[in-house]
Amino acid sequence: MGFDTSKADSSLFIRHQGDALLYVLVYVDDIIVTVKYTSNGIVLSQAKYIRDLLQKVTMDRSNALPTPMVATNRLAAEEGSPLEDDHQYRSIVGALQYVMITRPDIAYSVNKVCQFMHKPLTGHLKAIKRIQRYLQGTLNYGLQFTRTSKFLLEGYSDTSWGLDIDDRRSTSGYCIFLGGNPVSWSSKKQHVVSRSKAEAEYKSVAHVTAEMTWIQSLLTELCLPNLPKALIWCDSSAAIAVAGNPVMHSKFKHVELDIFFVREKVAVGVVQVGHVPGTHQLAGILTKPLSASGFNHFRDLLRVVNIN
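Going by our numbering, the first residue of the sequence shown is number 60, and it counts up by one from there.
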């Protein structure tokens, strides 16, 4: 049929015919994502999927809560007693991972409960019930995309240093925007313990740099015009200094590959790392639990909005 498989995404097929381009993205699943058209864009929602999930576990009449996780809650591995049915725990957490397709606001809390799939306890079940009660109160929320002439690739990177009380590993979070609209996000515990906050922040910068490099490759295949230099916003002055400094510092020798990877991208002009104040670091919602006011502020910046 004349389609070529994308080098960046094996599920994307591209057909060139003269000046015309045809893109076919193949995805097989039974999840319904609805689209609401607004005056200046669209809003994607999974309200039906969330409602069905809540009904399945009899949480559809539960009292709503303002956040998916208590700001002071730091879940630990030994949090309560063993569950009678740990299969249900894994099933619910798996379903919540699909909700994150249009709801980056629950990414951190879902990432947290995913860490106890091997041995879920009553405290962990309580945590997923809170996520469900938050979703119950935000059923009509979705991910907003608006028209814009500002076609810029921007990424926000943040880290909660040593926050995990079981192994003191840090959590990296990033959110990437294209033209002011969110296109990729992640909340993930780092694989090893970081010896300093700057090191933890730099690892997170490396993660978002890798993702943005992939997105740039995909955009090139989509024949989009040349974009301005991509921007990465980080609230760590130390991590920013290391990204642009060609001298290897002794404190960072053990993360040498991450350092050279980011520095290379900065040197060739693929990305630029800049500073953003912590109060404007919207990736913070992906690395730690927040108070209701802080959570709502960053949720709005993530473009998760009330459809009604």
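Every residue, glycine too, gets a C-beta built ideally from N, C-alpha and C.
Does DSSP classify residue i as helix, strand or coil?
i: residue 187; result: helix
i: residue 234; result: strand
i: residue 277; result: helix
i: residue 359; result: helix
i: residue 313; result: Because the pLDDT of residue 313 is 48, which lies under 50, any placement of that residue in the model is unreliable, and the number read from its coordinates should be weighed accordingly. Note: residue 313 maps to helix in three-state DSSP.
i: residue 103; result: strand
i: residue 58; result: Residue 58 cannot be examined here, being either before or after the span of the chain that is shown, 60 to 367.
i: residue 365; result: strand
i: residue 108; result: helix
i: residue 76; result: strand
i: residue 323; result: helix
i: residue 299; result: helix
i: residue 174; result: coil
Exposed or buried, residue i, counting other C-beta atoms within 10 Å across all chains shown (16 or more means buried)?
i: residue 258; result: buried
i: residue 186; result: buried
i: residue 266; result: buried
i: residue 227; result: exposed
i: residue 85; result: exposed
i: residue 273; result: exposed
i: residue 229; result: buried
i: residue 271; result: buried
i: residue 111; result: exposed
i: residue 203; result: buried
i: residue 109; result: buried
i: residue 125; result: exposed
i: residue 200; result: buried
i: residue 309; result: Low per-residue confidence applies at residue 309: pLDDT is 49, beneath 50, and the placement is therefore not dependable, though the value from the model is reported in the following sentence. It is exposed - the Cβ of residue 309 has fewer than 16 other Cβ atoms within 10 Å.
i: residue 313; result: Confidence is the limiting factor: at residue 313 the pLDDT is only 48, short of 50, which leaves the residue's position unreliable, though a coordinate-based value still follows. By the 10 Å Cβ count, residue 313 comes out exposed.
Taking the alpha-carbon of residue i as reference, which of the options has the nearest alpha-carbon?
i: residue 254; options: 86, 222, 98; result: 222
i: residue 337; options: 325, 168, 357; result: 357
i: residue 100; options: 264, 239, 219; result: 239
i: residue 300; options: 128, 331, 87; result: 331
i: residue 343; options: 293, 321, 237, 209; result: 293
i: residue 295; options: 335, 213, 107; result: 335
i: residue 180; options: 149, 302, 263, 276; result: 149
i: residue 147; options: 173, 360, 116; result: 116
i: residue 160; options: 64, 190, 92, 211; result: 92
i: residue 105; options: 88, 157, 67, 225; result: 157
i: residue 324; options: 250, 352, 275; result: 275
How many Å lie between residue i and residue j at the Cα?
i: residue 401; j: residue 114; result: The displayed coordinates of the chain run from 60 to 367. Any statement about residue 401 would go beyond what the structure contains.
i: residue 178; j: residue 151; result: 14 angstroms
i: residue 95; j: residue 171; result: 31 angstroms
i: residue 184; j: residue 143; result: 11 angstroms
i: residue 364; j: residue 244; result: 17 angstroms
i: residue 233; j: residue 141; result: 33 angstroms
i: residue 298; j: residue 261; result: 5 angstroms
i: residue 341; j: residue 215; result: 7 angstroms
i: residue 237; j: residue 287; result: 11 angstroms
i: residue 74; j: residue 205; result: 27 angstroms
i: residue 327; j: residue 289; result: 12 angstroms
i: residue 213; j: residue 79; result: 28 angstroms
i: residue 278; j: residue 98; result: 26 angstroms
i: residue 131; j: residue 83; result: 45 angstroms
i: residue 241; j: residue 121; result: 30 angstroms
i: residue 166; j: residue 346; result: 9 angstroms
Between residue i and chain C, is there a C-beta pair that is closer than 9 angstroms?
i: residue 270; result: Protein chains in the displayed structure number just one, and chain C is not present.
The ligand MG and residue i: does any heavy atom of the ligand fall closer than 8 angstroms to the residue's C-beta?
i: residue 116; result: What this structure holds is no ligand at all, so the ligand MG is not there to describe.
In chain order, which continuous runs of the beta strand (DSSP E) of length 3 or greater are located wholly inside the segment 217-273?
Counting whole runs of 3 or more residues, the segment 217-273 contains the beta strand (DSSP E) stretches 230-237, 240-248.
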